[in-house]
């Protein structure tokens with residue numbers, strides 16, 4: 001991450017200080033998500049810290065575009081809702097889950113590999129934006145897309161198996 005610090009202690013202070021400069025260059029949905037006042041409020045119900053990874057889905061959306069959705073479930077001790085993120089017109093997804101044999105020896109069978117989300121950072125990109133997420137155990141995920149939509153909900157009610165077209169263009173009149 002460029003501004004958010006994870007080690008030795010988590011801090012979004014540098015990112016928040018730069019957000020005034022970063023935000024205008026972000027696409028609309030990414031800007032709304034990144035500038036939400038609760039996003040980095042560690043005591044807030046809509047802070048991303050401690051959400052738990054559930055699933056990442058990638059799908060074709062038509063018009064030569066690909067979309068993705070990420071479902072982060074609520075931490076039962078902190079959140080009322082989970083976070084459903086929809087990524088529009090993705091061009092890259094990178095997931096890095098380091099293998100640590102020492103850590104593997106004491107994991108429970110039901111333990112998550114990505115663990116809980118520590119923090120995230122949204123930055124502008126020539127294609128739109130990047131969303132980098134850092135999980136416990138130094139796992140990371142970075143998604144580069146045209147824009148993203150964030151929804152706090154207990155039921156994402158996703159349509160990932162058959163998503164609607166992800167096209168920003170207006171329907172054109174048929175030519176005869």
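Numbering (UniProt numbering), first residue to last: 1 to 176. Where a beta carbon is used, it is the ideal one built from N, C-alpha and C, also for glycine. Quick caveat, the model's predicted, so the values are computed rather than measured.
_8 angstroms Cβ cutoff met for residue 119 and residue 79_ = no
*Under the DSSP definition of a beta bridge, which residues are partnered with residue 61?*
Residue 61 is not bridged to any residue.
_Which same chain residues end up closer than 6 angstroms to residue 5 when comparing Cβ atoms and leaving out the 5 residues on each side of it in sequence?_
11
*Is the beta carbon of residue 91 less than 8 angstroms from the beta carbon of residue 127?*
yes
*Candidates 142, 53 and 76: which alpha carbon is nearest residue 131's?*
142
_residue 40 and residue 16 closer than 8 angstroms at C-beta_ = yes
*Distance, residue 150 Cα to residue 85 Cα*: 5 angstroms
*Could you tell me the boundaries of the alpha helix (DSSP H) in which residue 31 lies?*
28-34
*asked:* Check this for me: beta carbons of residue 89 and residue 146, under 8 angstroms apart or not?
replied: yes
*Would DSSP call residue 90 helix, strand or coil?*
coil
*Is DSSP giving residue 25 helix, strand or coil here?*
helix
*Contacting residues, own chain, Cβ-Cβ under 6 angstroms from residue 19 (five flanking each side not counted)*: none
*Identified DSSP bridge partners for residue 127*: Paired residues: none, contrary to the question.
*How long is the line joining the alpha carbons of residue 48 and residue 114, rounded to whole angstroms?*
15 angstroms
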